[in-house]
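Using this note's numbering, read the sequence shown as starting at 725 and increasing by one per residue.
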Amino acid sequence: MLRSEPCDERSMPCVTLAKQGSELRMASRPLDVPMHYVYLIRSESEPLQRYIGLTDDVQTRLASHNSGANPHTAKYRSWLIKKAIALANCEKALAFDRYLNSPSGRA
Numbered sequence: 725m726l727r728s729e730p731c732d733e734r735s736m737p738c739v740t741l742a743k744q745g746s747e748l749r750m751a752s753r754p755l756d757v758p759m760h761y762v763y764l765i766r767s768e769s770e771p772l773q774r775y776i777g778l779t780d781d782v783q784t785r786l787a788s789h790n791s792g793a794n795p796h797t798a799k800y801r802s803w804l805i806k807k808a809i810a811l812a813n814c815e816k817a818l819a820f821d822r823y824l825n826s827p828s829g830r831a
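What follows is the structure, given as C-alpha cells:
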C-alpha cells in the first residue's frame, strides 16, 4: 500500500514503496500534495535556445509556449520539454527556478 509520510520537518513527504507482484513500485507523488514544476524546454528550430520556468501544469504551459502566447519564447517555436522537476514546496520551487536562471545556475 502506498502512503505519504513526512521525512523530516524541512522536506516534502516521502512515499513508501509497495510490492506489486515481483516489482517494487513508487507513486510519482502523494495524491494530496499539489506539485510545482521547474521545467527546462529547448527549441527545436534553434537547439541552443533554452527556457527555464515554473508551473503547476507542465503540458498546458508547453502548449502555451508552442502557441506563441509567451512573447519571450514565441520566436523560437516549437519547444520540447527536456526536464521537469516536481517539488511539493512552492517556495523551494521558486528558489530553485531563481537559482537556475542566475549566472551560477546557468553555468
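By construction, the Cβ of each residue, glycine as well, lies at the ideal position given by its N, Cα and C atoms.
Boundaries of the beta strand (DSSP E) in which residue i is found, first to last residue
{"i": "Ala810", "result": "Trp803 to Leu811"}
{"i": "Val782", "result": "Counting along the chain, Val782 falls outside any beta strand (DSSP E), though it belongs to the alpha helix (DSSP H) covering Val782 to Ser791."}
{"i": "Ser767", "result": "His760 to Ser767"}
{"i": "Tyr775", "result": "Arg774 to Thr779"}
Residue of the options minimising C-alpha distance to residue i
{"i": "Asp780", "options": "Glu768, Pro758 and Lys799", "result": "Pro758"}
{"i": "Glu815", "options": "Thr784, Trp803 and Leu778", "result": "Leu778"}
{"i": "Ser769", "options": "Tyr775, Trp803 and Ile776", "result": "Trp803"}
Residue j beta carbon less than 7 Å from that of residue i
{"i": "Tyr800", "j": "Val782", "result": "no"}
{"i": "Leu811", "j": "Ala817", "result": "yes"}
{"i": "Arg766", "j": "Arg774", "result": "yes"}
Close-in-space but distant-in-sequence residues of the same chain around residue i (CB under 6 Å, 5 per side omitted)
{"i": "Gly792", "result": "Ala798"}
{"i": "Ile776", "result": "Leu764, Leu824 and Asn825"}
{"i": "Phe820", "result": "Val762"}
{"i": "Pro827", "result": "none"}
Start-to-end residues for the alpha helix (DSSP H) that takes in residue i
{"i": "Glu815", "result": "Cys814 to Leu824"}
Sequence-distant residues of the same chain with beta carbon closer than 8 Å to residue i, five excluded per side
{"i": "Ser788", "result": "Asn794"}
{"i": "His796", "result": "Tyr775"}
{"i": "Pro771", "result": "none"}
{"i": "Asn790", "result": "Arg801, Ser802 and Trp803"}
Contact set for residue i: own chain, Cβ-Cβ below 7 Å, skip 5 residues either direction
{"i": "Gly829", "result": "Tyr823"}
Is it a yes or a no for the region 807-821 touching the region 762-776, going by three-plus beta-carbon pairs under 8 Å? yes
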